[in-house]
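First comes the structure, then the notes that go with it.
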Amino acid sequence: MEQSKESTSIINVRDLNLFYGEKQALFGVDLAILEKEVTALIGPSGCGKSTFLRTLNRMNDLIDGVKITGDIVIDHEDIYKTNDVIKLRTKVGMVFQKPNLFPMSIYDNVAYGPRMQGIKNKKELNKIVEDSLRSAAIWDEVQDRLKTSALGLSGGQQQRVCIARAIAMKPDIILMDEPTSALDPISTLKIEELITNMKKDYTIVIVTHNMQQAARVSDKTAFFLNGEVVEYDDTDNIFSTPQDQRTEDYVTGRFG
Amino acid sequence: MRQFKDNLFRGLLWLSAFLSVAILVMIVGFIFYKGIGLISLEFIFGDYSPTGGGGIWPMIITTIYTVLISLVIATPIGILAAVYLQEYAKQGRLVRLIRFATESLTGIPSIIYGLFGAVFFVTTLKLGMSILAASLTLTIIVLPVIIRTTEEALKTVPRSYREGSLALGTTKLQTLYKVILPSSMPGILSGIILSVGRIVGESAAIFLTAGTVAAMPDSILSSARTLTVHSYLVTQESGDIELAAAVGIVLIIIILAINLSATYISKKFNKATNK
Numbered sequence: 206m207e208q209s210k211e212s213t214s215i216i217n218v219r220d221l222n223l224f225y226g227e228k229q230a231l232f233g234v235d236l237a238i239l240e241k242e243v244t245a246l247i248g249p250s251g252c253g254k255s256t257f258l259r260t261l262n263r264m265n266d267l268i269d270g271v272k273i274t275g276d277i278v279i280d281h282e283d284i285y286k287t288n289d290v291i292k293l294r295t296k297v298g299m300v301f302q303k304p305n306l307f308p309m310s311i312y313d314n315v316a317y318g319p320r321m322q323g324i325k326n327k328k329e330l331n332k333i334v335e336d337s338l339r340s341a342a343i344w345d346e347v348q349d350r351l352k353t354s355a356l357g358l359s360g361g362q363q364q365r366v367c368i369a370r371a372i373a374m375k376p377d378i379i380l381m382d383e384p385t386s387a388l389d390p391i392s393t394l395k396i397e398e399l400i401t402n403m404k405k406d407y408t409i410v411i412v413t414h415n416m417q418q419a420a421r422v423s424d425k426t427a428f429f430l431n432g433e434v435v436e437y438d439d440t441d442n443i444f445s446t447p448q449d450q451r452t453e454d455y456v457t458g459r460f461g
Numbered sequence: 114m115r116q117f118k119d120n121l122f123r124g125l126l127w128l129s130a131f132l133s134v135a136i137l138v139m140i141v142g143f144i145f146y147k148g149i150g151l152i153s154l155e156f157i158f159g160d161y162s163p164t165g166g167g168g169i170w171p172m173i174i175t176t177i178y179t180v181l182i183s184l185v186i187a188t189p190i191g192i193l194a195a196v197y198l199q200e201y202a203k204q205g206r207l208v209r210l211i212r213f214a215t216e217s218l219t220g221i222p223s224i225i226y227g228l229f230g231a232v233f234f235v236t237t238l239k240l241g242m243s244i245l246a247a248s249l250t251l252t253i254i255v256l257p258v259i260i261r262t263t264e265e266a267l268k269t270v271p272r273s274y275r276e277g278s279l280a281l282g283t284t285k286l287q288t289l290y291k292v293i294l295p296s297s298m299p300g301i302l303s304g305i306i307l308s309v310g311r312i313v314g315e316s317a318a319i320f321l322t323a324g325t326v327a328a329m330p331d332s333i334l335s336s337a338r339t340l341t342v343h344s345y346l347v348t349q350e351s352g353d354i355e356l357a358a359a360v361g362i363v364l365i366i367i368i369l370a371i372n373l374s375a376t377y378i379s380k381k382f383n384k385a386t387n388k
């Protein structure tokens with residue numbers, strides 16, 4: 206993390222500790238995430254990568270007994286010092302492990318966020334829905350059936366509509382929590398392509414179990430182990446010349 | 114031997130199923146056999162006449178009044194209470210205590226509620242023996258039912274819906290309104306329907322709070338009798354089993370219609386939300 210890159214970082218995490226009640230899950234995490242790049246978080250199950258991801262839009266607030274120390278500065282604002290969680294979450298979108306569309310039509314799902322922001326104009330909503338679905342590379346597949354239930358789509362299609370739903374909020378950052386873990390290889394490939402295309406407009410932080418995926422889609426990779434960041438570097442370096450023995454053991458498949 | 118045991122067990126299962134259906138058929142058959150002779154348009158829509166030969170329209174109207182008034186009061190309070198307990202309250206001792214209390218309330222015999230209503234609504238609040246006093250008493254009776262079923266319905270809403278909605282920068286209230294409540298609607302509706310059945314079927318508590326006046330009520334402050342109370346009183350006073358059975362037929366048909374509409378509504382809701 207040289208000084209030159211620090212200047213373009215959009216998320217700055219300093220000495221972040223997280224506790225579930227008595228149990229500490231994150232230990233002194235320092236991370237600077239760069240604007241309009243894809244950052245992958247890898248590591249074995251239970252290493253804290255998903256927990257960390259969820260601190261970035263304060264989703265952990267929903268769990269009782271979570272305590273956090275340290276700073277997370279997004280866009281020059283310490284997100285745990287302001288009380289405007291709503292504003293934070295409009296700026297930082299999220300795509301979950303399993304597609305979680307609401308039991309509504311495809312259109313209503315994508316229009317949900319903007320509508321909740323108070324946008325009522327039909328033309329405006331139509332445009333947002335179309336643009337978002339196009340950006341998520343799913344428009345061609347669903348344009349004839351926007352008014353039908355979103356739950357009738359295949360898993361891969363649903364996940365892309367979930368991405369469209371996040372895009373509809375025009376966020377700066379999109380968090381993805383193992384977005385392809387419930388999908389078949391072809392759907393996975395489509396989502397990966399999509400992620401690569403999306404980074405010109407968005408900063409993406411993606412948690413993945415799949416190291417090939419991290420290697421394929423990300424610019425930077427952070428390796429988590431037991432709640433700590435062991436190594437954080439360009440993805441190429443992490444996979445070709447890791448500095449830490451533990452990183453090397455993990456990326457070469459010796460454990461995890 | 115093993116084969117024999119298996120067959121015996123099968124036989125037992127079949128017998129139990131058969132018995133429970135047979136008993137139901139017998140009761141309904143008995144009621145219809147005894148009462149069907151009296152059923153006519155005149156009987157259902159006619160005014161009551163104490164000398165005999167009159168109809169039961171005042172009792173039907175009274176029953177409808179009690180159902181409507183109790184539900185208008187109990188439904189919003191019950192749903193809000195359930196939402197508080199399930200979505201807002203910090204899960205702890207107080208919430209456990211409230212849950213325990215609502216659960217216990219469902220087990221109390223309705224005559225006790227009737228006594229309370231007679232003392233509190235009729236006397237203390239000076240509502241007199243009236244449809245309103247009875248409806249308020251019934252409100253207390255069905256409140257725990259609505260709270261419990263609504264809570265169960267809220268619990269079935271997947272966590273991922275809540276997260277999905279909140280992650281889009283919505284407030285808790287918006288999430289509740291747009292995602293959680295619509296998804297739990299079938300469950301909430303079935304709770305309300307259950308309550309309707311409970312109200313229509315209630316007699317002891319109504320007897321003590323609405324009285325037994327067998328006439329068309331002038332207002333909700335009039336004393337009046339519901340169908341169940343009427344059925345009880347005609348058996349009691351004149352031993353007129355046929356008349357009581359005829360009232361029974363009307364009650365059975367009302368309950369059946371309510372249950373059928375409940376299944377229909379919740380199916381429609383499921384289609385609207387899931388398909």
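Protein sequence lines, in the order shown, are assigned to chains L and S. Our numbering puts the first residue of the first sequence at 206, with every later residue one more than the last. Our numbering puts the first residue of the second sequence at 114, with every later residue one more than the last. Note that the Cβ used here is the ideal one computed from N, Cα and C, for glycine as well.
Considering only their Cβ atoms, is the gap separating residue j from residue i smaller than 7 Å?
i, j, result
"S/L389", "S/E350", "As displayed, chain S neither begins before 114 nor continues past 388, which places residue 389 of chain S out of reach and without an answer."
"L/G275", "L/D220", "yes"
"L/P308", "L/C367", "no"
"L/A355", "L/N314", "yes"
"S/G191", "S/L256", "yes"
"S/A280", "L/R294", "yes"
"L/V347", "L/I396", "no"
"S/V235", "S/M242", "yes"
Alpha carbon to alpha carbon, how far is residue j from residue i? Give it in angstroms, no decimals.
i, j, result
"S/M139", "S/A214", "38 Å"
"S/V270", "S/T188", "20 Å"
"L/R263", "S/L198", "23 Å"
"L/I400", "L/I409", "8 Å"
"S/S162", "S/I177", "20 Å"
"L/G233", "L/L246", "16 Å"
"L/S255", "L/D336", "29 Å"
"S/A375", "S/K381", "10 Å"
"S/W127", "S/L294", "41 Å"
"L/D283", "L/V218", "9 Å"
"L/K332", "S/E200", "35 Å"
"S/V208", "S/T263", "15 Å"
"L/K375", "S/F229", "58 Å"
"L/M206", "L/G270", "For L/M206, the predicted model reports a pLDDT of 42, less than 50, meaning its position is unreliable; a value from the coordinates is still stated below. So the two alpha carbons sit approximately 33 Å from each other."
"L/N265", "S/V134", "52 Å"
"S/G142", "S/P171", "26 Å"
"S/V347", "S/I136", "24 Å"
"S/G167", "S/S308", "30 Å"
Suppose the cutoff is 8 Å on Cβ atoms and the five residues either side in sequence are ignored; what does the same chain contact list for residue i look like?
i, result
"S/T179", "I244, A247, S248, L251, I312, I319, A323 and T339"
"L/L430", "G248, P249, C252, R451 and Y455"
"L/K425", "I238, L239, E242, V243, T244, A245, Y437, D438, D439 and T440"
"L/D449", "F428, V435 and E436"
"S/I186", "S248, L249 and T252"
Between which residues of its own chain and residue i is the CB-CB distance below 6 Å, once the five residues before and five after are set aside?
i, result
"S/V292", "Y274 and S278"
"L/S340", "I372"
"S/A358", "I144, K147 and G148"
"L/R370", "N314 and V315"
"L/T213", "L239 and E240"
"L/K317", "One point to set straight first is that residue 317 of chain L is Tyr, not Lys, in the sequence displayed. Contacts found: none."
"S/T341", "S316"
If contacts are defined as beta-carbon pairs under 8 Å, then residue i and residue j qualify, I think. What distance do you get, rounded to the angstrom?
i, j, result
"L/I443", "L/T452", "6 Å"
"L/G361", "L/L388", "5 Å"
"S/I254", "S/S223", "6 Å"
"S/I305", "S/L193", "Wrong, their Cβ atoms sit about 14 Å apart, outside the cutoff."
"S/E265", "S/G300", "6 Å"
"S/S336", "S/V360", "That pair is no contact at about 19 Å."
"S/T284", "L/I291", "6 Å"
"L/T260", "L/I273", "7 Å"
"L/S277", "L/D377", "The question names Ser, but residue 277 of chain L in the sequence shown is Ile. Contact doesn't hold; Cβ gap of about 14 Å is too wide."
"S/I169", "S/V326", "That belief does not hold up - the Cβ atoms of S/I169 and S/V326 are roughly 14 Å apart, past 8 Å."
"S/I378", "S/L302", "6 Å"
For residue i, which residues of its own chain have a beta-carbon under 7 Å away from its beta-carbon, when the five flanking residues on both sides are left out?
i, result
"L/L258", "L246, L380, D382, V410 and V412"
"L/A420", "T440 and F444"
"L/E211", "Note that L/E211 scores a pLDDT of 43, beneath 50, so its modelled location is shaky; the value from the coordinates is reported in the next line. Excluding positions up to five away in sequence, the list reads A237."
"S/A317", "S223, I224 and G227"
"L/M416", "I247 and V456"
"S/M298", "F382"
How would you list, in chain order, the residues of chain A whose beta-carbon sits under 9 Å from the beta-carbon of residue i?
i, result
"L/F301", "No chain A is present in this structure, whose protein chains are L and S."
Q.
Within 8 Å, do at least three Cβ pairs link the stretch 398 to 410 of chain L to the stretch 237 to 254 of chain L?
A. yes
Q.
Quick check: the stretch 285 to 302 of chain L against the stretch 382 to 391 of chain L, are at least 3 beta-carbon pairs closer than 8 Å?
A. yes
Q) Would you say the stretch 116 to 129 of chain S touches the stretch 325 to 341 of chain S, given that touching needs at least three Cβ pairs under 8 Å? A) no
Q.
Measuring CB atoms only, is the stretch 354 to 368 of chain L touching the stretch 321 to 329 of chain L, in the sense that at least three cross pairs come out at less than 8 Å?
A. no
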